[in-house]
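In order, the protein sequence lines correspond to chains A and B. Using the working numbering, you'd call the opening residue of the first sequence number 1 and step up by one each time. Using the working numbering, you'd call the opening residue of the second sequence number 133 and step up by one each time. In this text, a Cβ means the ideal position worked out from N, Cα and C, and glycines have one as well. Have a look at the structure below, then the notes.
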Amino acid sequence: MKELKIETSSQKLYWDSENEIVWGALFANQVTEELAKENVDAQERLRDMVGKSKTRVLVDMTEITEISRDARDYFANERTASIQRATALLTRSPVSRVIGNFFMGLNKPISPTRLFTDQHKAIQWLHTFSDD
Amino acid sequence: MTEQELDHRWNAILGMLESIAALDFSRTLELSDKSDHMDAVASGLNMLSEELQANVVARSKLEELVKELEVANQELQAFGDALAHDLRNPLLIVTNFSHQLYETLGDSLSEQQRDDVQRIWAAGRHMVHIIDDLRDLADVNRAELHRTEVDLSMLAQEIIDNLSVLVPDRNVRFEVEPGIKALGDKTLLTILLTNLLQNAWKYTAPTQDAWIELGVTEADSDFPTYHVRDNGIGFDNANREKIFESFERLHTRMEFAGSGLGLATVERVVRRHGGLVWGEGVPGEGAVFRFTLGSSSTDPLTAEDPT
Chain A
1 MKELKIETSS
11 QKLYWDSENE
21 IVWGALFANQ
31 VTEELAKENV
41 DAQERLRDMV
51 GKSKTRVLVD
61 MTEITEISRD
71 ARDYFANERT
81 ASIQRATALL
91 TRSPVSRVIG
101 NFFMGLNKPI
111 SPTRLFTDQH
121 KAIQWLHTFS
131 DD
Chain B
133 MTEQELDHRW
143 NAILGMLESI
153 AALDFSRTLE
163 LSDKSDHMDA
173 VASGLNMLSE
183 ELQANVVARS
193 KLEELVKELE
203 VANQELQAFG
213 DALAHDLRNP
223 LLIVTNFSHQ
233 LYETLGDSLS
243 EQQRDDVQRI
253 WAAGRHMVHI
263 IDDLRDLADV
273 NRAELHRTEV
283 DLSMLAQEII
293 DNLSVLVPDR
303 NVRFEVEPGI
313 KALGDKTLLT
323 ILLTNLLQNA
333 WKYTAPTQDA
343 WIELGVTEAD
353 SDFPTYHVRD
363 NGIGFDNANR
373 EKIFESFERL
383 HTRMEFAGSG
393 LGLATVERVV
403 RRHGGLVWGE
413 GVPGEGAVFR
423 FTLGSSSTDP
433 LTAEDPT
C-alpha cells in the first residue's frame, strides 16, 4: 500500500510498505537544480523515516518537459547515490523518454538507474536489489 | 493542430538546428503543452544545445589553463636552467679544489683529514652528477622529436667502447645482434641506451664473467621490442615499477654510484616515443630491460610529423 509521506513543490513522495519502494511522482514540468536538491533532500528525509540506509526508488517523470543540465547533474551525483539503492525512471511520454535518455547517456548516474515505460517491470527490476 | 501551427513548430526546430550548426547555443525552443513527439525533439535539441554550450565553456577554460601551464612551465625551465648553471659552477670549483688539496697536501694531512677532503670531493662530484642528470632529464622532456632510422647496434657498441676506455680493467663480454634498427630520435635514443648500458655495466661489476646483451624481438613488426640484458646483481621484481621513479634507488650510493635518475630518464625517452619500458630481474642472476618505441607518428608531447 502506498502512503503519501512528503510533498515538495514539484514532487509527491510515497512509501510503498508492501514493496518497500519509494515512489516519486514529479508533477512539475520544469526541473531546476534547486528543485532537484529539494527533491533529493525530501528523499533523504523519507529514507530516514522508514529506517533504511538506502532506498529503492521509482520516479514517474512522465510529466517533465524540461530539466536543466545542473538538475540532471544533481540527480546523478554522489549525494543522490548515497541514499538510493537503485532508481527506476518511468518515462511514458516522448519528451520524458528523451530527457531520460539524455540523463542516462550524458550524466551517467552513479547508482544503478534504468528507464522503463512499464511500471510492473520497473518494480520487478527494483526487487533485484536488496532493500537496505 | 492546424497546418499553420505545424509549420511554425517545424520552422522553430529548423531554426534551432541552424543556430546549433552556427555554434550559437543561446537559443531555446519553447515546448507546447502537448508533450508530443515534436516536443520531444525540441526538448532533446534544448538539452543538446545546453550540453554543447557547457562543453564550449569547459574547453575554453581548459585552453586558458593550458596556456597558463605553458607559461609556468617555461618559467620553471628557465629557473631550473639558471639554478643548474649557478649551482654547478661553484660546485665544480669546490670539487676541483678539494681534489687539488688532496693531491698537493695529501702527505702532510692526517688520515682523518685526508678522509674528510676525499668525502668533500666525492660529495661534490655526486652533486655535479645529479645536476647533469637533472639537466638531461629536462632536455629529454622538452627536446623536439626528430625520428630517423637509428642503428642501435652501432650506437650501443660506441657506448660500450667508451665505457671500456674509462674502466679498462673491467672485462665485460658485450653481445649485440648486428643491424638492430629503430625509428626514433637519435639524440634521445643515445641517452636511453647510454643509461641502460651504464646501468648494466655498473650492476655487473661484482659479477665474474660479466656479459651484457642488446637484442630485439619481432624486429619486422610495427612494434619491435628491444632489450638490454645482463647477468649482474639483478633486482626483486616487487620493485619493478619503483625503479623508474626519479631518485629511486635500490642500493646505497656506497654500493653503486648514481643519481637515481637514469631509469627515470629512460622512461621519459620511451614515453616521448609513445612506447613502453619495463624491467624484470632475478636477484643475484641479472636483469633485463625491454622497451618499445611506439609507432612512427607517435609523440605524446609534440605529435610531430615524423617526416
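Per DSSP, reduced to three states, the secondary structure at A/Val50 is coil, with no helix or strand assignment. Around B/Asn327, the same chain offers Gly394, Thr397, Val398 as residues with beta carbons nearer than 6 Å, after the five sequence neighbours per side are excluded. Restricting attention to A/Asn39, A/Ala88, A/Lys37, the CA atom closest to the CA of A/Gln124 is found in A/Ala88. Between the region 301-313 of chain B and the region 338-354 of chain B, the count of C-beta pairs closer than 8 Å reaches three or more; the two stretches touch.
The three-state secondary structure of B/Glu276, taken from DSSP, is coil. Taken in chain order, the members of the region 59-78 of chain A whose beta-carbon sits within less than 7 Å of a beta-carbon on chain B are Thr65, Glu66, Arg69. In the three-state DSSP reduction, A/Arg56 falls in the strand class (E or B). When the five nearest sequence neighbours on each side are left out, the beta carbons in the same chain lying within less than 6 Å of the beta carbon of A/Ser93 are those of Thr62, in order along the chain.
When CB distances to chain A are screened at a threshold of 7 Å, the residues of the region 148-168 of chain B falling below it are Leu163, Ser167, Asp168, in chain order. When Cβ-Cβ separations below 8 Å define contact, A/Phe27 makes no contact with chain B. Within the same chain, Cβ atoms closer than 7 Å to the Cβ of B/Thr336 are found at Val304, Ala342, Ile344, Asp362, Asn363, Gly364, the five residues on either side in sequence being excluded.
Chain B places a beta carbon closer than 8 Å to that of A/Phe102, counting this residue as a contact.
In this structure the region 368-378 of chain B does not lie against the region 287-300 of chain B, because fewer than three pairs of beta carbons, one per stretch, are closer than 8 Å. Per the coordinates, the alpha-carbon of A/Phe116 lies some 51 Å from the alpha-carbon of B/Ala204. In this structure B/Val282 touches B/Leu321 by the C-beta definition: roughly 5 Å separates them, less than 8 Å. By the CB criterion at 8 Å, B/Thr160 and B/Asn178 fall inside the cutoff.
In this structure A/Val31 touches A/Ala71 by the C-beta definition: roughly 5 Å separates them, less than 8 Å. Rounded to whole angstroms, the gap between the alpha carbons of B/Val401 and B/Ala270 is 11 Å.
Secondary structure at B/Glu281: strand, using DSSP grouped into helix, strand and coil. Residue-level contact check: B/Ala190 does not touch chain A, since none of the beta carbons of chain A fall below 8 Å from its beta carbon. Here DSSP, grouped into helix, strand and coil, assigns A/Ile64 to coil.
In terms of Cβ geometry, B/Val360 and B/Ala332 form a close pair [threshold 8 Å]. Residue environment for B/Thr424: buried (at least 16 other C-beta atoms within 10 angstroms of its C-beta).
Taking 7 Å as the upper bound on Cβ-Cβ separation, chain B lies near residues Ser93, Pro94, Val95 of the region 83-95 of chain A.
Around A/Ile99, the beta-carbon contacts reaching into chain B at under 9 Å are Ala172, Ser175, Gly176, Met179. About 18 Å separates the beta carbons of A/Ile64 and A/Val22, which is beyond the 8 Å limit, so they are not a contact pair.
Your pair A/Asp60 and A/Ala25 checks out as a contact, with CB atoms roughly 5 Å apart and the cut at 8 Å.
Proximity of A/Leu35 to chain B, defined by a Cβ-Cβ separation below 8 Å, is not satisfied.
Per the Cβ contact rule, the region 151-158 of chain B is not in contact with the region 168-176 of chain B (fewer than 3 Cβ pairs under 8 Å). Along the length of the region 229-308 of chain B, whole beta strand (DSSP E) runs at least 3 residues long occupy 279-283, 305-308, reported in chain order. Distance from the CA of A/Lys54 to the CA of A/Gln119, rounded to the nearest whole angstrom, comes to 21 Å. Relative to the Cα of A/Tyr14, the nearest Cα in the group A/Val57, A/Ala81, A/Arg85 belongs to A/Val57. For B/Ala144, no Cβ of chain A is located within less than 8 Å of the residue's own Cβ. The beta carbon of A/Leu106 falls within 8 Å of a beta carbon belonging to chain B, placing the residue at that interface. Separation of B/Ser192 and B/Ala186 (C-alpha to C-alpha, rounded to the nearest whole angstrom) is 10 Å. Bridge pairing for B/Ile344: B/Phe306, B/Asp362 [DSSP].
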